[in-house]
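The opening position of the sequence shown corresponds to residue 91 in our numbering, with each subsequent residue numbered one higher.
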Amino acid sequence: MIYRGLADFTFILHFFFVLFAVFGGILVVRRQFIAWFHLPAVFWGFLVEFFHLPCPLTALENSLRQLGGEAGYSGGFIEYFVELVLYAHITPQFQMFLGCLLLGFNLFVYSFVFWRRRRYD
Numbered sequence: 091m092i093y094r095g096l097a098d099f100t101f102i103l104h105f106f107f108v109l110f111a112v113f114g115g116i117l118v119v120r121r122q123f124i125a126w127f128h129l130p131a132v133f134w135g136f137l138v139e140f141f142h143l144p145c146p147l148t149a150l151e152n153s154l155r156q157l158g159g160e161a162g163y164s165g166g167f168i169e170y171f172v173e174l175v176l177y178a179h180i181t182p183q184f185q186m187f188l189g190c191l192l193l194g195f196n197l198f199v200y201s202f203v204f205w206r207r208r209r210y211d
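Below is the structure:
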């Protein structure tokens, strides 16, 4: 029972980490110090998507699920849940597209942050 709870907690943590990596730049618009946490998250997300690296949170969640008597999921967190939502097999090309989307969106947001900062300085 405790392992299932820990696996669920890891899932929630993982989910919010992905959201933070994608949309955390919006928080930087108001609180620029968040960039110290957000940029490493974006970098990690980029590496995972482009180089198909295994995410330690996925491994941890799967291990906890197995210890709790459940089956873990194959593949990575994004692969599994995007496939679950879209009912389509995620390809390496789509993973690279997601990585480009991650970078593009955050480049746009950080460009705005730097433009705004320069304008007020």
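Backbone N, C-alpha and C fix where the C-beta goes; we use that ideal spot for every residue, glycine too.
Small disclaimer: the values here were computed from a predicted structure and weren't measured.
Query	Result
Under 8 Å, do Glu139 and Leu188 count as touching if we go by C-beta distance?	yes
Thinking C-alpha only, which one of Met91, Val108, Ile92, His142 is nearest Thr181?	His142
Would you check if the distance between the CB atom of Leu192 and the CB atom of Ala125 is smaller than 8 Å?	no
Looking only at C-alpha atoms, which of Leu129, Ile102, Phe101 sits nearest to Gly114?	Leu129
Does Glu104 come out as helix, strand or coil in the three-state DSSP assignment?	Reading the sequence as shown, one finds His at residue 104 and not Glu. Helix.
From which residue to which residue does the alpha helix (DSSP H) around Ala131 run?	125-141
Gln183 to Arg207, Cα distance in whole Å?	36 Å
In angstroms with no decimal places, state the Cα-to-Cα distance between Ala161 and Phe101.	14 Å
Provide the residue span of the alpha helix (DSSP H) that contains Gln122, from first to last.	Per DSSP, Gln122 belongs to no alpha helix (DSSP H) and is neither H nor E.
Terminal residues of the continuous alpha helix (DSSP H) containing Glu151?	146-157
Is the beta carbon of Leu96 sitting closer than 8 Å to the one on Leu147?	no
Give me, in chain order, the residues of the same chain whose beta-carbon lies closer than 8 Å to that of Leu197; leave out the 5 immediate sequence neighbours on both sides.	none
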